[in-house]
Amino acid sequence: MAKKKTTKMGMLVLILLLILSACSSNSTGTDSKGTTKGNDGEAVKGGKINIDMSADFSHLDPAMCYDFGCYEVVTQFYNMLVTYEPDSTKLVGSAAEEFNISDDGLTYTFKLKKGVKFHNGTEMTAQSFIDEFKRILDPEVGSPGKGFIDPLVIGSTDFSEGKAKEISGITAPDPYTLVIKITEPQGTFLNVLAMPFFPAIDKQYVDSIGNKEFDHKPMGTGPWKLKSYNTGKDMVLEKNADYFVAGFPKLDEITITFEKNAQSSALKFKQGDTAFIGWNQLIGSSDFIQFQQDSKYKDLLQSQTLVSTYYLALNNQVKPFDNKLVRQAVNMAIDKEKLVKLNNGRATATNQILPPDMPGYQKDLPAEVDYKFNKEKAKELLKEAGFADGFKTTMLTTSSDQATKEAQSIQSDLKEIGIDVEIRPLSGSSYSDGARSLKYGMVSTAWFQDYPDPSNFLDVLLNGSEVPANNWAAYNNPVVNDMLKKASTLSPGQERWAAFSEIQLEVLKDAPWVPLYTPVRYAIVQPWLKGFYQHPVWMDPLQNISVTKH
Numbered sequence: 005m006a007k008k009k010t011t012k013m014g015m016l017v018l019i020l021l022l023i024l025s026a027c028s029s030n031s032t033g034t035d036s037k038g039t040t041k042g043n044d045g046e047a048v049k050g051g052k053i054n055i056d057m058s059a060d061f062s063h064l065d066p067a068m069c070y071d072f073g074c075y076e077v078v079t080q081f082y083n084m085l086v087t088y089e090p091d092s093t094k095l096v097g098s099a100a101e102e103f104n105i106s107d108d109g110l111t112y113t114f115k116l117k118k119g120v121k122f123h124n125g126t127e128m129t130a131q132s133f134i135d136e137f138k139r140i141l142d143p144e145v146g147s148p149g150k151g152f153i154d155p156l157v158i159g160s161t162d163f164s165e166g167k168a169k170e171i172s173g174i175t176a177p178d179p180y181t182l183v184i185k186i187t188e189p190q191g192t193f194l195n196v197l198a199m200p201f202f203p204a205i206d207k208q209y210v211d212s213i214g215n216k217e218f219d220h221k222p223m224g225t226g227p228w229k230l231k232s233y234n235t236g237k238d239m240v241l242e243k244n245a246d247y248f249v250a251g252f253p254k255l256d257e258i259t260i261t262f263e264k265n266a267q268s269s270a271l272k273f274k275q276g277d278t279a280f281i282g283w284n285q286l287i288g289s290s291d292f293i294q295f296q297q298d299s300k301y302k303d304l305l306q307s308q309t310l311v312s313t314y315y316l317a318l319n320n321q322v323k324p325f326d327n328k329l330v331r332q333a334v335n336m337a338i339d340k341e342k343l344v345k346l347n348n349g350r351a352t353a354t355n356q357i358l359p360p361d362m363p364g365y366q367k368d369l370p371a372e373v374d375y376k377f378n379k380e381k382a383k384e385l386l387k388e389a390g391f392a393d394g395f396k397t398t399m400l401t402t403s404s405d406q407a408t409k410e411a412q413s414i415q416s417d418l419k420e421i422g423i424d425v426e427i428r429p430l431s432g433s434s435y436s437d438g439a440r441s442l443k444y445g446m447v448s449t450a451w452f453q454d455y456p457d458p459s460n461f462l463d464v465l466l467n468g469s470e471v472p473a474n475n476w477a478a479y480n481n482p483v484v485n486d487m488l489k490k491a492s493t494l495s496p497g498q499e500r501w502a503a504f505s506e507i508q509l510e511v512l513k514d515a516p517w518v519p520l521y522t523p524v525r526y527a528i529v530q531p532w533l534k535g536f537y538q539h540p541v542w543m544d545p546l547q548n549i550s551v552t553k554h
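Here's what the structure looks like:
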């Protein structure tokens, strides 16, 4: 994939803050997936629901939104060229009626749907997409999406650097045709275009209010319009009655309340005041156990293993982590099952970089890279590396209660083999800036897929060119870098997946990380709600849900 010139702070940090709450039990719970059926009643036409969000939205400007929270609503205000089918990773047209990729993989042609209107009545055209690409590349906007298209799209760098007034590789032969040309074949480019960075926008509207105000007053072509927004308090979405997809959205209105307290949200659910708890909020530890054990609620739970990996990045550039034997020792010293228990069982221990549902994942690793929990072997490796008496180091983590508990568990495990760890908790941008400073021995972090392709883990997080932006282990292996470059040009399919499986094995030999666990997300949905499902890539399906008489 194109090398990222900007960082991915959003997904990297927000996954630590939003996915799992503080937990203390080892309950495992149910394992239901898919669409909730609701009760046997007929869906009511229209209707309103209330849901909670754990925090206010970081951004509502699609060029700036890059975390779970804002994805929840930005994907409702706007339409990208392509999107994912419900409950599937198959890409289909959204604003595009059809699309075609040239035989050489360098030219993408999109035929747009006609008659699509912005919320203010302005018609969407191909220029509406070009205008957003320009915003993404504008240094004054500062979009984290810039690296997905620059330098991959022809002319992107010249435009970004002010050497050209247009992006030469993006053209509109007519109002309903968009052509994008890239410098080399990229098997994931359609997935990139499905990200919320790249919808149609009304440039005249944006210019009239400015980028800063646009971040609070979204206006797109999507199924929902912004009715009201009280920063830090609540937001009300109203149905876009002129939405170009017939029959959607199904509801008339959604009220979102910003509620930091997960227990309060669970209480509202029990009282029937909120429709569901999904991506929008966490199920707290004690409430999760009650929901599991109470016959009234247990069948309302849905679970989904996330395409995500929590891991400990070991700084390969500083002593003693520049020694592979030390890194292997740390891998074998950490009891990952303890971390699973700290998460109420809402996780699965892993020894791999790629999550189980990611192409390229290997069910069984070769013994030489399958670093199983073995304290005695870890001690032997430390001794062989010249650190029989251990050493002192630092571990950066976020400041959440859950992160602290997990860090303390790791600290305790490493203490048993002679490694004295000082935990350094930081929050927000201080945390991500600290990780990129490369001054810590270890960084406890996580990654959630941007799209379902192994390059989004291996290339983004372990390519030497990504140090220190996303590669917080400062891992730089020329052999791996070359393998990544070659694999990135392969089309999606078995050859590509096999190439990335081989790359993962090569990386694991060097042990730059300690993969810890893959999280399992639980949602709970009212029996009177229909159409809710957990998507493998996207957030809650606000446009699909409806209510029944209750």
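My numbering applies: residue 5 is where the sequence shown begins, and numbers increase by one. All C-beta atoms in this analysis are idealised placements derived from N, C-alpha and C, irrespective of residue type, glycine included.
Query: Taking 8 Å as the cut-off, decide whether the C-beta atoms of Lys-185 and Leu-85 are in contact.; Result: no
Query: What alpha helix (DSSP H) runs, 4 residues minimum, are completely inside the stretch 257-284?; Result: 266-274
Query: Kindly list the residues whose CB is nearer than 7 Å to the CB of Val-471, restricted to its own chain and excluding five residues on each side of it in sequence; keep chain order.; Result: Ala-478 and Asn-480
Query: Which term fits Gln-498, buried or exposed, when burial requires 16 or more other beta carbons within 10 angstroms of its beta carbon?; Result: exposed
Query: Please state whether DSSP places Ile-287 in a helix, a strand or coil.; Result: coil
Query: Thinking C-alpha only, which one of Lys-340, Ser-469, Asp-277 and Ala-99 is nearest Gly-226?; Result: Ala-99
Query: Would you be able to state if there are at least three C-beta pairs under 8 Å between the stretch 295-311 and the stretch 439-456?; Result: yes
Query: Let's test the definition: count the other Cβ atoms within 10 Å of the Cβ of Lys-216 and tell me whether it reaches 16, buried, or not, exposed.; Result: exposed
Query: Can you give me the Cβ contacts of Met-543 inside the same chain, cut-off strictly under 7 Å, excluding the 5 residues immediately before and after it?; Result: Phe-72, Tyr-75, Glu-76, Thr-79 and Trp-283
Query: Go ahead and pull the three-state DSSP assignment for Trp-542.; Result: coil
Query: Should Thr-493 be labelled buried (16 or more other beta-carbon atoms within 10 Å of its own) or exposed?; Result: exposed
Query: Starting from the C-beta of Lys-12, find all residues in its chain whose C-beta is less than 6 Å away, skip the five residues before and the five after it, and write them out in chain order.; Result: Confidence at Lys-12 is low in this model, with a pLDDT of 43, below 50, so its placement is unreliable and the value that follows should be read with caution. Only Asn-474 meet the Cβ criterion.
Query: Among Gly-97, Tyr-301, Ser-416 and Ala-176, which one has its Cα closest to the Cα of Val-249?; Result: Gly-97
Query: What number of angstroms, rounded off, separates the C-alpha of Asp-206 from the C-alpha of Met-57?; Result: 28 Å
Query: Mind checking who Asn-54 pairs with in its DSSP beta bridge?; Result: Thr-259
Query: Check Glu-89 in the structure and name its three-state DSSP category.; Result: coil
Query: Name the one or two DSSP bridge partners that Leu-95 has.; Result: Tyr-88
Query: Give me the residue from Leu-141, Phe-103 and Ser-147 with the minimum Cα distance to Ile-158.; Result: Leu-141
Query: Using a Cβ-Cβ cutoff of less than 6 Å, which residues in the same chain neighbour Pro-429 once the five nearest sequence positions on both sides are dropped?; Result: Thr-401 and Ser-403
Query: Looking only at its chain, what residues have a beta carbon closer than 6 Å to the beta carbon of Asp-162, apart from the 5 residues adjacent to it on each side?; Result: Ala-168
Query: Figure out for me which residue from Lys-231, Thr-522, Gln-285 and Ala-382 has the closest Cα to the Cα of Arg-350.; Result: Thr-522
Query: Measure the Cβ-Cβ separation of Gly-364 and Gln-530 and say whether it is below 8 Å.; Result: no
Query: Give me, in chain order, the residues of the same chain whose beta-carbon lies closer than 6 Å to that of Phe-292; leave out the 5 immediate sequence neighbours on both sides.; Result: Asn-348
Query: Whole angstroms are fine: how far does the CA of Leu-329 sit from the CA of Ala-392?; Result: 12 Å
Query: Among Pro-203, Gln-131 and Pro-90, which has the Cα closest to the Cα of Pro-177?; Result: Gln-131
Query: The alpha helix (DSSP H) spanning Asp-405 covers which residue range?; Result: 405-419
Query: Given that a residue counts as buried once 16 or more other Cβ atoms are within 10 Å of its Cβ, and exposed if not, what is Lys-383?; Result: buried
Query: At the level of alpha carbons, what is the spacing between Thr-10 and Ser-147?; Result: Confidence in Thr-10 is poor, its pLDDT being 38 and thus under 50, which makes the residue's placement too unreliable to answer from.
Query: Determine the extent of the beta strand (DSSP E) in which Phe-114 is found, giving its start and end residues.; Result: 111-116
Query: Using 10 angstroms around the beta-carbon of Pro-482, count the other beta-carbons present and answer buried if the total reaches 16, otherwise exposed.; Result: exposed
Query: Please classify Lys-138: is it buried, with 16 or more other beta-carbons within 10 angstroms of its beta-carbon, or exposed?; Result: buried
Query: Provide the residue span of the alpha helix (DSSP H) that contains Ser-436, from first to last.; Result: 432-441
Query: Leaving aside the five residues before and after Asn-104 along the sequence, list all residues of the same chain whose C-beta is less than 6 Å from its C-beta, in chain order.; Result: Thr-113
Query: Starting from Asn-104, trace the alpha helix (DSSP H) both ways and give me its first and last residue.; Result: Per DSSP, Asn-104 belongs to no alpha helix (DSSP H); it is in the beta strand (DSSP E), 100-105.
Query: Which one or two residues does DSSP pair with Trp-228 in a beta bridge?; Result: Lys-243
Query: Restricting to Cα atoms, I'd like to know which of Val-196, Gln-356 and Tyr-233 is closest to Asn-60.; Result: The amino acid at residue 60 is misidentified as Asn; the sequence shows Asp. The shortest C-alpha separation from Asp-60 is found at Tyr-233.
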